[in-house]
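Below you'll find the structure, written out as structure tokens, and then a few comments.
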Amino acid sequence: MTKQAVTRKDVARRAGVSETIVSYVLNNNRYVEKGKRERVLQAVKELNYQPNRIARALKGKKTNHIVFIADNISTEHFSQLIDVMDYHAYSKGYLISLIANRNDDDFVSQVISRQCDGIIVSSLSIPESYLHQFVAAGLAVVVLQNRNYQDLTGAAVIHTGLYNGAREGVRFLAGQGRRHILYVDRFSTHGHFSGRGDYRLHGYYDEMEALGLAPYVITGCTSPEELAAAVAAYCAAHPVDAILGRSDKVACIAMRAAIDLGRRVPEDVAVVGFDNSSLSQYMRPTMTSIEIQRDQIGKAAVEMLEQMLNGGGVPEPRSFQTRLIRRESA
């Protein structure tokens, strides 16, 4: 037989007080005489009472639930980022859930119907209209910008440094005398490829043009094998002397393709990745990578969201810089 959930009425009966007094104690929003408060808290403990978060949300109260929306929730970058956010969110009384973006008409309504308090978004593929709908639904929204948006009115913004990081990567390679620098985009089975609005690719183009170098981008690949073949074909036909990858993973695939062609790293081809993942540190040769300040960004995202949830309005944008971690590949 299914066990009945403990209600506030049960707590009130055990403590010998009214349900209103129980509500005051649990919400901590009214003075309650010490003896009654202690009896209520003891009853809560004895009965193992758990407040119904959804019911609280329907009454206009906080659920203390945050949703983090990302493109690929299996990557090390996002797992580390949510680990930081989870730590800071939990210390403030919030629980956080990780959800992969799905570009379909039902996605927004599904998220809103879960009655979360706020949303943190780091997604290249999510339509800007989705963000507008979240804001219009009364949710607090914090966006980690990895691409250009037209209008994020009502949402808090964090600039994660991707644009300047890509430019720094190109300058670093060019400073070594590299002139034919190839950019390698992500691979995707869902067609999620980078356009000029993507800050990493945008930074690459702008710095290449500023240095008077001809840009070339490998994109549109649907698998690691297809990506490796495309890099190998291009390197075999052109004097590529440097590779900048959108992530450490694609930079690793590209580096392996160059090595299989007989190119030496870094003597013939220098390679720089993005994210400073564990892959970059333990592969051979170890990979130079552009590090995103996840600890500071994750902490800031939770702080900004909490400010909005506590009625502090939309905070001013915050900006962070990347850092080039030099290793053996460049």
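In full-length UniProt numbering, the protein residues as written are 1 to 330. Quick reminder that beta carbons are idealized off the backbone N, C-alpha and C, glycines included.
For residue i, the first and last residue of its enclosing beta strand (DSSP E)
i	result
residue 183	181-184
residue 323	323-325
residue 270	270-274
Assigned secondary structure, residue i (DSSP; H/G/I helix, E/B strand, else coil)
i	result
residue 244	strand
residue 54	Reliability fails at residue 54, whose pLDDT of 47 lies under 50, so the model's placement of it is uncertain and the value that follows must be treated cautiously. Reduced to three states, the DSSP call for residue 54 is helix.
residue 187	coil
residue 121	strand
residue 368	Nothing about residue 368 can be read from this structure; the chain reaches only from 1 to 330.
residue 284	coil
residue 135	helix
residue 112	helix
residue 25	helix
residue 330	coil
residue 142	strand
residue 206	helix
residue 260	helix
residue 18	coil
residue 2	Any reading at residue 2 must be qualified, since the residue scores a pLDDT of 43, below 50, and its modelled position is unreliable; the value itself is stated next. Residue 2: coil per DSSP, three-state reduction.
residue 30	coil
residue 211	coil
residue 167	helix
residue 193	coil
residue 175	helix
residue 358	The structure shown has nothing for residue 358, since the chain only spans 1 to 330.
residue 152	coil
residue 221	coil
residue 254	helix
residue 59	Note that residue 59 scores 48 on pLDDT, short of 50, meaning its location in the model is unreliable and no value can be drawn from it.
Residue(s) in a DSSP beta bridge with residue i
i	result
residue 147	198
residue 8	Answer is none; residue 8 lacks a bridge partner.
residue 65	95
residue 318	158
residue 290	274 and 324
residue 70	100 and 122
First through last residue of the alpha helix (DSSP H) which encompasses residue i
i	result
residue 81	76-91
residue 44	34-47
residue 302	294-309
residue 235	224-237
Original post:
Do three or more CB pairs link the segment 167-178 to the segment 146-159 at distances below 8 Å?
Top reply: no
**OP:** Please confirm if the segment 265-282 is in contact with the segment 308-316, defined as three or more CB-CB distances below 8 Å between the two stretches.
**Re:** no
**OP:** Could you say if the segment 135-152 and the segment 87-106 meet the contact criterion of at least three C-beta pairs nearer than 8 Å?
**Re:** no
**OP:** Specify whether the segment 248-263 and the segment 277-291 touch according to this definition: at least 3 beta carbon pairs, one from each stretch, less than 8 Å apart.
**Re:** Yes, since at least three Cβ pairs between the segment 248-263 and the segment 277-291 fall closer than 8 Å, the two stretches touch.
Subject >> Meets three-Cβ-pair contact criterion under 8 Å: the segment 62-80 and the segment 34-49 >> reply: Verdict: no, contact absent.
Original post:
Can we say the segment 234-244 touches the segment 299-308, given the rule of at least three CB pairs closer than 8 Å?
Top reply: no
Original post:
Are three or more beta carbon pairs between the segment 253-267 and the segment 224-233 nearer than 8 Å?
Top reply: Between the segment 253-267 and the segment 224-233, the count of Cβ pairs shorter than 8 Å is three or higher; the stretches touch.
**OP:** Inspect the CB distances between the segment 113-123 and the segment 70-85 and report whether three or more fall short of 8 Å.
**Re:** yes
Subject >> Touch test, the segment 181-194 against the segment 212-224, Cβ-Cβ under 8 Å, three pairs minimum >> reply: yes
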